[in-house]
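Top to bottom, those sequences are chains A and B.
Under our numbering, the residue at position 254 of the first sequence is numbered 258, and the numbers go up by one with no gaps.
Under our numbering, the residue at position 120 of the second sequence is numbered 199, and the numbers go up by one with no gaps.
Beta carbons: idealized from backbone N, C-alpha and C, even for Gly.
Here the structure comes first, spelled out in structure tokens, and everything after it is commentary.
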Amino acid sequence: MSNVLIVGELKDGELKKISREITSAGRKIADALGGKVTAVLVGSGVDKFAGDLAAVGADSIVTVNAGDFNAETWASLIAAVIKEKNPSVVLLPHTSQGKDYSPRVAVKVGAGIIADVVGLSVDGGKVVAKKPIYSGKAYGNFKVTSPIAMFTVRPNSQEVVQKAGAGAVETASPAAGDAKVKIVSSDLSGGNKVQLTEASIIVSGGRGIKGPENWPILQGLADVLGAALGASRAAVDAGWIAHSHQVGQTGKTVSPNCYIACGISGAIQHLAGMGSSKYIVAINKDGDAPIFKVATYGVVGDLFEVVPALTDEFKKVLG
Amino acid sequence: MKIIVLVKQVPDTETNIKVGDKSINEAGIKWIISPYDEFAIEEGLRLREKHGGEVIAISLGPDRVQESLRQAYAMGADRAVQIKVDNYVPFDTVLAAELIANFAKSENADIIIGGRQSIDSDSSQVVVQVAEALGIPHVAFAVSLEISGTNVKSTKEVEGGTQVVETSLPVAITAQKGLNEPRYPNLKGLMAAKKKPIESKSPADLGNPASKIEIVGLEPPPPRIPGRKLEAADAKGYAEQLVKALREEAKVI
Ligand SMILES: Cc1cc2nc3c(=O)[nH]c(=O)nc-3n(C[C@H](O)[C@H](O)[C@H](O)COP(=O)(O)OP(=O)(O)OC[C@H]3O[C@@H](n4cnc5c(N)ncnc54)[C@H](O)[C@@H]3O)c2cc1C
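Structure (structure tokens):
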């Protein structure tokens, strides 16, 4: 039997989109392999999302009660469920939490793992995973040869497909063990309202925005679109915005459906982080800026005029 | 304090990548230390400067990685170890982690520090896998690190902000930008580094772990959706066109 197990993720008590994305992807794989899809949700009050995951293909939902996220304990809980269910394929989110616990899970269950996957297909009874490598300058296709094959999947890379699974709910209570890392305090005030790495739209600013006092111009557009705010390294290094907003080789890798680059030249290290965005809009005064080589829609113009006009226009059509 | 820093050699971002069947064509590639590993080396040196002990730089790969190890020497590492893997696969994280964990065990290391990810594979796996293999705690995406006695206090980046966490040695850390500013090796350091010995270990010395992945093939990136520059008389004209293109053509908003 070739069953698939996916691990979902929540944020502020809501199911993240990536959870549906990988359940759909898991359904497709399970259908090709003739297996079932089990979704695992760890946290408190997670039972209420069973229906959401059943609607996109989960045959069963295993809920595990746990408090706040701790990579070590979550890895133990998830590995225990994997050992019990013995799937041949495990999909996890390539999110900041996923990167924290997935390596431990892989070692605990003796699985090979391919991380940051954007494409999944089945060939000869095995999953073939596609991922960008060398900053997106090449793509690689990989199989995992261990009995359990694990993959972390990049947010926004998989389509959500409505397809009902059986949706049986089951509660598991494996022992988590004591965590060796204690969380002393959290400061969650500095981040984006919309998580950068999972956003489907990003409005990003570079040195061309001239100074920190001008972020409200981009934030205005981001708010209308429900987008996250990104930045180039030049803007971060100038101290205009926190590093957590930086996109690029030494910032975040993002794959939104739409990336709106305002006053960003498009240096190779920036492209390394956003080059796989589906649609790229570039607003730049310099018609020769390298960003136009990757832009789907290029506007050669002053961002201080174009961005506010764009915000107004979207307000009009989006109501 | 015994500190192991991971030094992965990767193609420079500005280098052109030509894909072969199962690996890239290495001719003409300029190799660098993966940028996040430079933060790891720097942090290792600072810990040694404060607490004493030694910094061991290790790298997996063929002989070309010795160049990166010499750079780690030039920055100030005390020892350099090459785990000699001739047909090194940069995406095989479990294999790399097992080799590194077995080496760390043989050295009885107190701290293992690597970058948050390497820029050739972006996996964010190896250091945390090493921690699991050794049964020790880890802190991923560290932006600050303070050690006193065996107590470890670190600030880590998490979704939407930061967290302060506490644990104890031995520990594995992944370095996020912000942890420090890596120093440049100076000329004297570079000259001296040329003469320093590089220890060599074979996979057989370190338990001969088996690979758990298979490369099916590499390919060039998929073609981008063809782009175009919009033409309009003023900002309002651009805005109207963009909104139309994004909603009706791209259908992304
Ligand atoms: C090891 C290393 C790692 C790096 N990592 C990253 C990374 O992670 N992310 C990253 O972004 N960079 C990174 N860089 C830096 C990168 O090389 C560039 O320096 C940086 O991306 C440039 O940022 P920018 O486009 O905002 O600024 P600039 O290159 O200065 O471009 C500003 C642009 O704004 C335009 N402009 C100015 N005024 C206006 C206006 N009124 N309206 C419209 N357009 C205007 C200009 O025409 C110009 O094209 C890295 C570099 C190195 C060496």
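When the five nearest sequence neighbours on each side are left out, the beta carbons in the same chain lying within less than 6 Å of the beta carbon of Pro-288(B) are those of Leu-174, Glu-177, in order along the chain. DSSP places Val-209(B) in the uninterrupted alpha helix (DSSP H) bounded by 205–213.
In the structure shown, the three-state DSSP call for Asp-35(A) is helix. Proximity of the beta carbon of Lys-289(A) to ligand 1 is indicated: a heavy atom of the ligand is located closer than 8 Å. For the stretch 238–319 of chain B, the full-length alpha helix (DSSP H) segments reaching 4 residues or more read 266–274 along the chain.
In this structure the stretch 225–238 of chain A does not lie against the stretch 234–250 of chain B, because fewer than three pairs of beta carbons, one per stretch, are closer than 8 Å. In the structure shown, Met-154(A) falls within a strand segment according to DSSP collapsed to helix, strand and coil. The contact set of Gly-257(B) on chain A, defined by CB atoms closer than 8 Å, consists of His-247 in chain order. Burial check for Ile-304(B): the Cβ neighbour count within 10 Å stays below 16, so the residue is exposed. Contact between Glu-13(A) and Ala-183(A) is absent: CB atoms are separated by about 19 Å, not below the 8 Å threshold.
Separation of the CB atoms of Leu-248(B) and Val-222(B) is rounded to 19 Å, and the pair is thereby denied contact status at 8 Å. Contact between Leu-124(A) and Val-11(A) is absent: CB atoms are separated by about 15 Å, not below the 8 Å threshold.
Here DSSP, grouped into helix, strand and coil, assigns Thr-92(B) to coil. Annotation: the continuous alpha helix (DSSP H) that includes Pro-220(A) extends over 219–229. Only Lys-232, Glu-236, Val-237, Glu-238, Gly-239, Gly-240, Thr-241, Gln-242, Val-243, Val-244 from the stretch 226–244 of chain B bring a Cβ to less than 8 Å from some Cβ of chain A. Proximity of Phe-220(B) to chain A, defined by a Cβ-Cβ separation below 9 Å, is satisfied.
Think of a sphere of 9 Å around the beta carbon of Gln-199(A): the chain B residues whose beta carbon falls inside it are Glu-238, Gly-239, in chain order.
Nearest to Val-157(A) by alpha-carbon distance, out of Gly-181(A), Pro-151(A), Val-132(A), Asp-290(A), is Val-132(A).
Leu-148(B) is positioned such that its CB atom lies no closer than 9 Å to that of Asp-116(B). In this structure, DSSP gives Tyr-143(A) an extended state, which the three-state scheme calls strand. DSSP lists no beta-bridge partner residue for Asp-201(B).
Per DSSP, Glu-225(B) is one residue of the beta strand (DSSP E) stretching across 217–227. Gln-223(A) is outside the set of residues whose beta carbon lies under 9 Å from a beta carbon in chain B. The C-alpha of Leu-233(A) lies about 28 Å from the C-alpha of Ile-252(B).
Against chain B, the beta carbon of Asn-145(A) has neighbours under 8 Å at Ile-294, Val-295, Gly-296, Leu-297, Glu-298, listed in chain order. Short of 8 Å from the beta carbon of His-247(A), and not among the five residues preceding or following it, lie these beta carbons of its own chain, in chain order: Val-240, Gly-255. By the neighbour-count criterion, in which a residue is buried when 16 or more other Cβ atoms sit within 10 angstroms of its Cβ, Tyr-152(B) is buried. Residue burial is scored here from C-beta neighbours: Tyr-138(A) has at least 16 other C-beta atoms within 10 angstroms and is therefore classed as buried. DSSP, reduced to helix, strand and coil, places Ile-268(A) outside both helices and strands of the structure shown, so it counts as coil. Burial state of Val-41(A) is buried, judged by a 10 Å Cβ sphere holding 16 or more other Cβ atoms. Straight across, the Cα-Cα distance linking Asp-16(A) with Val-89(B) is about 38 Å.
Contact annotation: in the stretch 162–192 of chain A, residues whose CB is within less than 9 Å of a CB in chain B are Ala-183, Lys-184, Val-185, Lys-186, Ile-187, Val-188, Ser-189, Ser-190, Asp-191, Leu-192. A distance of 9 Å or more separates the beta carbons of Asp-51(A) and Ala-172(A).
Using a CB distance cut-off of 9 Å, Leu-148(B) does not count as an interface residue toward chain A. With its beta carbon at least 9 Å from every one in chain A, Leu-126(B) lies outside the interface. In terms of Cβ geometry, Ile-65(A) and Ala-36(A) do not form a close pair [threshold 9 Å].
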